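A short write-up of the structure that comes next.
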Amino acid sequence: MPETVVRHEGAHLHAEGPSTPEGRRLSEAILHLRRAERTQADRAQRASGLSAVDLTALRHLVQGHRDEQNLSPKNLIVMLDASSATVTNVVERLVQRGLVTRVQHPRDRRAHYLVPTEEAIRLVDESLMPHDAAVVSAIESLSPADAGVAAEAVLRIATRLDELSASMGDSRRTPAGV
Numbered sequence: 002m003p004e005t006v007v008r009h010e011g012a013h014l015h016a017e018g019p020s021t022p023e024g025r026r027l028s029e030a031i032l033h034l035r036r037a038e039r040t041q042a043d044r045a046q047r048a049s050g051l052s053a054v055d056l057t058a059l060r061h062l063v064q065g066h067r068d069e070q071n072l073s074p075k076n077l078i079v080m081l082d083a084s085s086a087t088v089t090n091v092v093e094r095l096v097q098r099g100l101v102t103r104v105q106h107p108r109d110r111r112a113h114y115l116v117p118t119e120e121a122i123r124l125v126d127e128s129l130m131p132h133d134a135a136v137v138s139a140i141e142s143l144s145p146a147d148a149g150v151a152a153e154a155v156l157r158i159a160t161r162l163d164e165l166s167a168s169m170g171d172s173r174r175t176p177a178g179v
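Residue numbers for the sequence shown follow the working numbering, so the first one is 2 and each next one is one higher.
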């Protein structure tokens, strides 16, 4: 019974729906995409064997490593929008599992960087690859014209949501076009 409530809530639009049948179909497709994304996020988290916050932290550290950026616990506090105590616990769990190493800052002996291990990189990639491969496969199945129309629609919706975040003072919003 609780699963039914969750499923129905996820299919509910909390605003007046689009006026055209095509708009309603697009709205339903977006709601379906949201549900599928949540399901895949849950699947990736379970596959990783980590908590949601630990996996998110590890994803940030892996991306920082790929971008050749040294990330510190202070950076994770900002990225996770979490307390220092929470990040300390997350880092400790990741270090204990052999997924992160602490590397001493070259000039400040009180500071250190967090570096993902090769095992961490493999774990993140294996956890997220099925989702990303499925998305790419669906995109590749579209004609170039359909892909262009879909991209325009998704960007328009994302931009509107970014504008909403900005108007509400949410500094964590994703920049348009990203």
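Positions of the beta carbon are idealized from the N, C-alpha and C atoms, including for glycine. Everything numeric in this text was worked out from a predicted model, so none of it was measured.
{"Asked": "Using the C-alpha atoms, what's the distance from GLU164 back to SER28?", "Found": "19 Å"}
{"Asked": "Can you tell me where the beta strand (DSSP E) holding ARG103 begins and where it ends?", "Found": "101-105"}
{"Asked": "In whole angstroms, give me the CA-to-CA distance for ALA42 and ALA112.", "Found": "32 Å"}
{"Asked": "Can you tell which of LEU95, PRO107, LEU156 and HIS33 has its C-alpha closest to the C-alpha of ARG60?", "Found": "LEU95"}
{"Asked": "Let me confirm a value: GLU93 is counted as buried when at least 16 other C-beta atoms fall within 10 Å, else exposed. Which label applies?", "Found": "exposed"}
{"Asked": "Can you find a heavy atom of the ligand ZN that lies under 7 Å from the Cβ of VAL136?", "Found": "The ligand ZN is absent from the structure shown, which contains no ligands of any kind."}
{"Asked": "Whole alpha helix (DSSP H) runs in the segment 30-88 with 4 or more residues, listed along the chain?", "Found": "53-67 and 74-81"}
{"Asked": "Roughly how far, in whole angstroms, is the beta-carbon of VAL101 from the beta-carbon of THR118, given that I think they are within contact range, below 8 Å?", "Found": "7 Å"}
{"Asked": "Taking its Cβ as the centre, do 16 or more other Cβ atoms sit within 10 Å of LEU156, making it buried, or is it exposed?", "Found": "exposed"}
{"Asked": "Measuring straight from C-alpha to C-alpha, what distance separates GLY18 and ALA30?", "Found": "13 Å"}
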